[in-house]
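Numbering (mature numbering (1 follows the signal peptide of the UniProt record, and there is no 0)), first residue to last: -28 to -1, 1 to 441. Beta carbons are placed, not taken as given, at the ideal position from N, Cα and C, and that holds for glycine. What follows is a single structure, written as structure tokens, with notes after it.
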Amino acid sequence: MSSRSDLTIMRVCFIIFLLGVLVELCDGGITSEYVRGSDLPDDMPLDSDVFKVSPGPNTPQQVHITQGNHEGNGVIISWVTPSAPGSNTVRYWSENGKSKKLAEATMNTYRFFNYTSGYIHHCLIDDLEFDMKYYYEIGSGKWQRRFWFFTPPKPGPDVPYTFGLIGDLGQTYDSNRTLSHYEMNPGKGQAVLFLGDLSYADRYPLHDNNRWDTWGRFVERSVAYQPWIWTAGNHEIDFVPDIGETEPFKPFTNRYHTPYKASGSISPLWYSIKRASAYIIVMSCYSSYGVYTPQYKWLQKEFQRVNRTETPWLMVLVHCPFYHSYVHHYMEGETMRVMYEQWFVKSKVDVVFAGHVHAYERSKRVSNIAYNLVNGLCEPISDESAPVYITIGDGGNSEGLLTDMMQPQPSFSAFREPSFGHGLLDIKNRTHAYFSWNRNQDGSSVEADSVWLLNRFWRAPKKTMVVAS
Ligand SMILES: *[C@@H]1O[C@H](CO)[C@@H](O)[C@H](O)[C@H]1NC(C)=O
Ligand SMILES: *[C@@H]1O[C@H](CO)[C@@H](O)[C@H](O)[C@H]1NC(C)=O
Ligand SMILES: *[C@@H]1O[C@H](CO)[C@@H](O)[C@H](O)[C@H]1NC(C)=O
Ligand SMILES: *[C@@H]1O[C@H](CO)[C@@H](O)[C@H](O)[C@H]1NC(C)=O
């Protein structure tokens, strides 16, 4: 806009450049000097514009979509009708298609203490064409609502695709800034990898599930038009035996469906999908994962199923990070790391995304898998087969940012900063992907941290590696 903001952007770019040079020169990572306000963010009040109910009696609300099958040409369309079952049908058609097709949803309601949900509809459509714009309509008569989405290209090794990354979002003014910032990012995310902790309704007395409804209305403006891939976080557990609520994940699993059966999982909390050139494994750190458990057995087979010729980019999403250096939640992911890090290294996972820690951090490629109780080898070491671990639990929820860090910065940590923001993973082809992180306080095209990722399976021989790690 103004030359003043151009100047600011140039300065920021210059600082980023300097930081980049520092990363090259020093062994230790960067702790950003950026200073932001420390006030706890407030939830947006119930009468906020973002929570507005669409006009009309019993009009569908909280519309959201997610991937519906393993290959990517399926979608699950979900919505809530508040006061009556209403129409259970989705009408959909492709941009160049002539006739509208119909699909029927399933419908469910649930109770949580003295809260009764609206009528929750989930409609699976899994026979779509790849790489196509589709329109869909829900509701009936005068008050029906129309939306659209794009299916991804068919999985293939050099299919470019851009994922947004958001975690721990909640429903504060900062949450709204994060979402707006993501929407304005010129990098144009095509689907969101959501790293767990959605509504934070559990922060309210009796886990007031009306705050699940407001969250659904808040994010509709994005998730009705592009799929969000769900990871379950601790704020989805909603386990409150004191008030008789003993079924973990009840609100989440009633409201948010995942295509878990398509990947042979028995739980909606852990599953995998292919999308364009990516193979995405979603893990649940709040479900059992010890040896012999269903998640363990599933995951063991899962890594064997990945075909890097078809989907070169292997990514894992899990709410609790394996590597981060903030004081809060330190080592909470340790038991899971001890179990599964060796598989990640063996399978050459490219990147692991986590939330939970309300801050941003990116690791170097390290592993810590040599220890066997007696050999004393218990420090992370540089490892070219290891993933980069990115913690991005900084969506903006009411618990605020975590600013206390382990000092000095551990050698595994490449960059860390407690600011709200979102990430973007821009896959270019089978060898190159560009990851960037944007803090909310900067212009939408300013990257506060970024890195080229070279695919672990297809990467070029070492001597040709210049910038990428
Ligand atoms: C549920 O119980 C709480 C606490 O007793 C009360 O404030 C609230 O109004 C009740 N809600 C409904 C829908 O009955
Ligand atoms: C949320 O963000 C949108 C888009 O930037 C804006 O129109 C809206 O007024 C914001 N609402 C609140 C409550 O901050
Ligand atoms: C892996 O995918 C490629 C490309 O789709 C295919 O040609 C090949 O047969 C697959 N390999 C296996 C073992 O399925
Ligand atoms: C892959 O993408 C990178 C970054 O855009 C580019 O430099 C490289 O030439 C591409 N590789 C191929 C084989 O096109």
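Item: Residue nearest to S249 in terms of C-alpha spacing, selected from L137, D180, P132 and G142; Value: P132
Item: Cβ-heavy atom distance, S26 to ligand 2, below 7 Å; Value: no
Item: Proximity below 8 Å, CB of D366 to CB of F407; Value: no
Item: Cβ-heavy atom distance, N412 to ligand 2, below 7 Å; Value: no
Item: N- and C-terminal bounds of the alpha helix (DSSP H) containing N226; Value: K222 to R227
Item: Sequence-distant residues of the same chain with beta carbon closer than 6 Å to F316, five excluded per side; Value: P359
Item: C-alpha distance - S385 paired with F325, whole-angstrom precision; Value: 14 Å
Item: Sequence-distant residues of the same chain with beta carbon closer than 7 Å to E155, five excluded per side; Value: S194
Item: beta-carbon S370 near ligand 2 non-hydrogen atom, thresh 7 Å; Value: no
Item: Nearest-angstrom beta carbon gap, D414 and A405 [assumed within contact, 8 Å]; Value: That pair is no contact at about 22 Å.
Item: Alpha-carbon spacing of V30 relative to I37, whole angstroms; Value: The residue asked about is misnamed: residue 30 is Asn in this sequence, not Val. Taking the straight line joining both Cα atoms gives about 20 Å.
Item: Closer than 6 Å to ligand 4: residues, by C-beta to nearest heavy atom, in chain order; Value: K400, N401, T403 and H404
Item: Unbroken alpha helix (DSSP H) run spanning V191, endpoints; Value: N182 to V195
Item: Local Cβ density within 10 Å of T281, reported as buried at 16 or more and exposed below that; Value: exposed
Item: Reduced DSSP category for R337 - H, G, I as helix; E, B as strand; rest coil; Value: coil
Item: Range covered by the beta strand (DSSP E) that runs through W202; Value: W200 to W202
Item: DSSP three-state assignment for I209, whether helix, strand or coil; Value: coil
Item: Closest by C-alpha distance to N369, when choosing among H328, Q39 and P380; Value: H328
Item: Per DSSP, the bridge partner or partners of L425; Value: A405
Item: Bridge-paired residues (DSSP) for D19; Value: Answer is none; D19 lacks a bridge partner.
Item: Check: E282 C-beta below 7 Å from any heavy atom of ligand 3; Value: yes
Item: Close beta carbons around C350, own chain, < 6 Å, minus the five adjacent residues each side; Value: Y343
Item: Segment limits, alpha helix (DSSP H) that includes M311; Value: E306 to K318
Item: For W430, the three-state DSSP class (helix, strand or coil); Value: coil
Item: E419: first and last residue of the uninterrupted beta strand (DSSP E) it sits in; Value: Looking at the DSSP string, E419 is not in any beta strand (DSSP E), and its letter there is neither H nor E.
Item: Spatial distance of M303 from N412 (CA atoms); Value: 27 Å
Item: CB of V185 within 8 Å of CB of H207, strictly; Value: Correcting the residue identity first, residue 185 is Asp in this sequence and not Val. No, they are not a contact pair.
Item: Strand pairing of F119, partner residues [DSSP]; Value: Y108
Item: Minimum C-alpha distance to residue 493 - residue among M104, F84 and R149; Value: Here the chain comprises residues numbered -28 to 441, so residue 493 is not present and cannot be evaluated.
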